[in-house]
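These protein sequence lines map, in sequence, to chains X and G.
According to our numbering, the first sequence is numbered sequentially starting from 1.
According to our numbering, the second sequence is numbered sequentially starting from 1.
Scroll down for the structure; my scribbles are underneath it.
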Amino acid sequence: MSATAHSVVEPSKVSRRIAGSVVVVYALVSMIPLFWILATSFKTPPDSISYPPKVIFTPSIEGYCNLFTTRTRQTAEYIASLPPAETFCDETTRKRNMVIAGQSNFLPRFVNSLIIAFGSTFCAVFLGTLAAYGFSRFKVPLADDLLFFILSTRMMPPIAVAIPIYLMYRELGLSDTALGMILLYTAVNVSLAVWLLKGFIDEIPREYEEAAMIDGYTRMQSFFKVVLPQATTGIAATAIFCLIFAWNEYAFASLLTSGTAQTAPPFIPTIIGEGGQDWPAVAAGTTVFLVPILVFTILLRKQLLRGITFGAVRK
Amino acid sequence: MADVFLNGVSKAFDDHQAVANLDLKIADGEFVVLLGPTGAGKTTTLRLVAGLEKPDSGSIEIGGHDATRLEPAERDVAFVFQQYSLYPHLSVYENLAFPLRSPARRMPDDQIRRRVEEVARMVRIHHKLDNRSTKLSGGEMQRVAIGRALVRKPAIYLMDEPLSSLDAKLRAELRLELKRIQAELGSTVLYVTHDQIEAMTMADRIGILADGLLVQIGSPRAIYMEPANLHVAARLGQPAINLIPVGLLPDAAVPTGTKTIGARTEHLTIEKSANGHGDGTIDWVEHLGDQNHLHLTVKDRKLITLTDTDTPFRKGDAVTVRYRAPLFFDGAGNRISG
């Protein structure tokens with residue numbers, strides 16, 4: 001198309017520039033809290049609570065030291081009697097008249113989060129794909145009602161069922177277990193997964209499976225060989241949505257997990273209590289907590305974008 | 001290759017009878033074309049043979065075995081879909097190899113390579129084996145789709161309007177090629193189309209379907225020369241047969257019971273009337289290049305027939321029209337053999 005041609009559907013240069021500026025401004029505004037968290041995580045505790053807030057400061061990894069360790073207060077004489085500090089963390093801790101006593105619970109909580117979020121995402125997407133395929137391809141009796149029923153699980157705030165689930169989990173011995181949390185998040189996410197994936201699978205013509213079935217494959221085999229590879233976009237998009245929910249979920253995590261199965265979201269606020277208001281450690285925990293979801297989203301961003309615009313473009 | 005028999009096969013979708021009590025015997029090595037308008041049950045018949053649909057009643061025999069309840073994979077049939085249905089995530093080579101890689105066949109890799117290359121050459125796509133199947137032109141895609149059926153040596157090839165989404169030139173080209181390959185391999189083919197030229201040129205026998213019923217089956221010549229009824233007569237011939245009520249033109253020897261006379265181009269003799277008073281007048285002459293369509297009005301009926309490129313007729317000419325051994329149909333539309 002020539003530069004002078006003016007298309008009805010194509011936005012003009014001016015409107016495109018305005019739209020671009022709005023997006024950039026919005027993105028910057030939404031990134032301020034993220035930037036503030038990242039900055040705070042590299043501040044020293046005094047810097048983090050100084051007034052007026054410091055935008056320019058000397059970075060320190062004290063917050064990260066405090067995030068991963070527990071410390072005890074000691075007398076200056078005792079600290080002076082110790083052999084020279086081996087690591088930066090040892091050194092900064094001693095400056096505050098403390099010594100590192102051991103590892104904090106952050107790492108195990110973080111690992112819990114990884115296991116529970118990825119485990120439940122896998123289950124939800126796996127079950128969702130199979131269910132969506134079933135709804136898409138077979139004559140399921142009362143299919144519409146079933147789909148509505150599946151969706152209805154998301155029509156109330158999850159916390160409304162907190163007490164029954166709490167009691168149920170206590171009776172079943174699922175309280176404070178990774179399995180319990182995986183089951184719970186799977187149950188919440190599977191409805192989303194079924195609905196999203198059904199749309200994607202509906203778009204894949206049946207003829208591909210029919211061709212594969214005639215070519216000597218069973219329905220199951222043609223599902224894996226022909227349908228699944230074409231549904232990767234939808235599966236990736238669904239997986240990200242499920243993962244973000246399971247990763248960030250706070251209410252049930254704080255209600256149902258307190259010890260061994262506790263995830264990172266309810267753990268991070270408890271850092272505040274350990275030895276004063278340690279904002280850099282909290283910010284460091286939040287920053288580390290953001291990394292997996294960021295990596296996962298960046299890895300799948302192409303599929304995610306295509307997934308979001310899928311219905312709009314194809315229909 | 002094998003015989004395929006359909007015995008009294010019926011299939012309904014909800015309250016729509018797609019195929020009704022269909023009997024069809026396809027001999028080994030035969031090319032049978034099912035011809036009919038949209039919704040006549042052609043595709044359903046193919047899908048029944050393929051096992052993609054299960055019949056409500058009747059039985060299907062493939063190679064002497066009852067296949068009525070078998071899964072598609074167990075039937076030893078190959079299917080060419082109208083929309084190609086190439087696997088978009090696979091290369092041309094992988095598309096062609098796909099049927100051979102099925103767990104049911106477990107063909108060794110070197111054998112697969114040999115077979116795929118052989119077939120790729122046959123359908124003239126061997127120079128594009130490494131391409132993504134989505135990066136091909138329509139004609140190439142259809143070659144791959146046909147090739148994917150040919151890599152196997154099934155009891156029967158089922159083809160569902162495989163050439164319909166191609167342009168006219170390509171269609172004519174692939175039509176010849178398909179017929180050449182079929183003759184070379186001696187394959188049994190059940191082919192569905194609504195294109196009468198495809199049917200006439202490729203078929204050993206043509207089956208005319210209407211509303212789920214097999215109206216007539218026979219050689220292209222028999223179907224054309226001796227149509228069982230008005231429906232069959234109207235399906236073949238270009239331009240379409242003229243259906244003229246008895247008495248419109250001076251009829252020669254009309255059998256008793258005749259209500260309609262079917263007159264194709266070759267059934268009409270048209271001459272300029274000597275005295276200016278004819279049976280009808282020329283409306284216009286439509287020049288198509290290799291031939292001319294002649295539109296004329298006889299009383300209040302419009303007739304269309306062919307005439308030479310160097311036709312003497314002009315618009316407004318009065319002409320006499322006479323029958324030359326036309327087809328006769330009774331009140332129910334069935335042909336009366338004269």
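All C-beta atoms in this analysis are idealised placements derived from N, C-alpha and C, irrespective of residue type, glycine included.
All of these numbers come straight from a predicted model, not from anything done at the bench.
>> Under 8 Å, Cβ to Cβ, is there at least one residue of chain X near G:Leu176?
In response: no
> Residues of chain X with a CB under 9 Å from the CB of G:Ala78: which are they?
Replying inline: Ile214 and Asp215
> Which of helix, strand or coil does DSSP assign to X:Thr56?
Replying inline: Sequence inspection shows Ile at residue 56 of chain X; the Thr mentioned does not correspond to that position. Reduced to three states, the DSSP call for X:Ile56 is coil.
>> In this structure, how does DSSP classify G:Ala234 when only helix, strand and coil are distinguished?
In response: helix
> Can you list, in chain order, the residues of its chain whose CB lies under 6 Å from that of G:Gln17, leaving out five sequence neighbours each side?
Replying inline: Gly212
> What number of angstroms, rounded off, separates the C-alpha of G:Met200 from the C-alpha of G:Thr260?
Replying inline: 25 Å
> Are at least three pairs of beta-carbons, each pair with one atom in the segment 129-137 of chain X and one in the segment 155-172 of chain X, less than 8 Å apart?
Replying inline: no
>> So G:Ile206 and G:Val33 are supposed to be a Cβ contact under 8 Å. How far apart are they, rounded?
In response: Contact holds; Cβ gap of about 5 Å.
>> Residues of chain G with CB closer than 7 Å to the CB of X:Val226, please, in chain order.
In response: Ordered by position in chain G, the residues that pass the 7 Å Cβ test against X:Val226 are Tyr87.
>> Just to confirm before moving on: does the CB-CB distance between G:Thr193 and G:Ile26 stay below 8 Å?
In response: no
> Between the C-alpha atoms of X:Thr186 and X:Lys198, what's the straight-line distance to the nearest angstrom?
Replying inline: Going by C-alpha positions, X:Thr186 is about 17 Å away from X:Lys198.
>> Assuming contact is defined by CB atoms lying nearer than 8 Å, are G:Ser133 and G:Leu209 in contact in what I supplied?
In response: no
> Taking the alpha-carbon positions, what's the X:Val22 to X:Ala124 distance?
Replying inline: Looking at the backbone, the Cα of X:Val22 and that of X:Ala124 are separated by about 36 Å.
> Do G:Gln82 and G:Ser137 have their CB atoms nearer than 8 Å?
Replying inline: no
> Counting only beta-carbon atoms, is G:Phe13 nearer than 8 Å to chain X?
Replying inline: no
>> Rounded to whole angstroms, what is the Cα-Cα separation between X:Phe88 and X:Glu171?
In response: Roughly 47 Å between the two C-alpha positions.
> What are the residues of the segment 190-224 of chain G that lie near chain X, defined by any Cβ-Cβ distance shorter than 7 Å?
Replying inline: none
> Considering only C-alpha positions, which residue in the set X:Leu107, X:Asp90 and X:Phe106 is nearest to X:Ile100?
Replying inline: X:Asp90
> G:Glu363: buried (16+ other C-beta within 10 angstroms of its C-beta) or exposed?
Replying inline: Missing from the structure shown is residue 363 of chain G; chain G here goes from 1 to 338 and no further.
>> Could you give the first and the last residue of the continuous beta strand (DSSP E) run that contains G:Val19?
In response: His16 to Ile26
> Hey, G:Ile125 and G:Val144 are a contact pair by Cβ (cut 8 Å); roughly how many whole angstroms apart?
Replying inline: 6 Å
>> Would you say G:Ser102 lies against chain X (beta-carbon separation less than 8 Å)?
In response: Yes, G:Ser102 lies at the interface with chain X (some Cβ there is under 8 Å from its Cβ).
> Are G:Leu249 and G:Gly333 close, meaning C-beta to C-beta below 8 Å?
Replying inline: Cβ distance not < 8 Å, so G:Leu249 and G:Gly333 don't count as in contact.
> So is G:Phe5 in contact with chain X if we call contact Cβ pairs under 8 Å?
Replying inline: Closer than 8 Å: no.
>> With a threshold of 8 Å between beta carbons, is X:Glu207 in contact with chain G?
In response: Yes, X:Glu207 lies at the interface with chain G (some Cβ there is under 8 Å from its Cβ).
> In chain X, which residues lie less than 9 Å from G:Leu96 when you measure between Cβ atoms?
Replying inline: Correct list: empty, because the minimum Cβ distance to chain X is about 11 Å.
>> Taking 7 Å as the limit between beta carbons, can you name the residues of its chain near G:Leu52, skipping five residues before and five after?
In response: Pro72
> Taking DSSP as the reference, what is the three-state secondary structure of X:Ala231?
Replying inline: If DSSP states are grouped into helix, strand and coil, X:Ala231 belongs with coil.
>> Using only CA atoms, which one of X:Arg17, X:Asp215, X:Pro205 and X:Ser48 lies nearest to G:Pro99?
In response: X:Asp215
> In angstroms, rounded to a whole number, what distance separates the CA positions of X:Gly180 and X:Phe252?
Replying inline: Going by the C-alpha atoms only, they are around 11 Å apart.
>> Quick test of your reading: X:Gly63 and X:Ala283, contact by CB under 8 Å. State the CB separation rounded to the nearest angstrom.
In response: 6 Å
> Where DSSP assigns a beta bridge to X:Met156, which residues make up the other side?
Replying inline: X:Met156 pairs with nothing; no bridge assigned.
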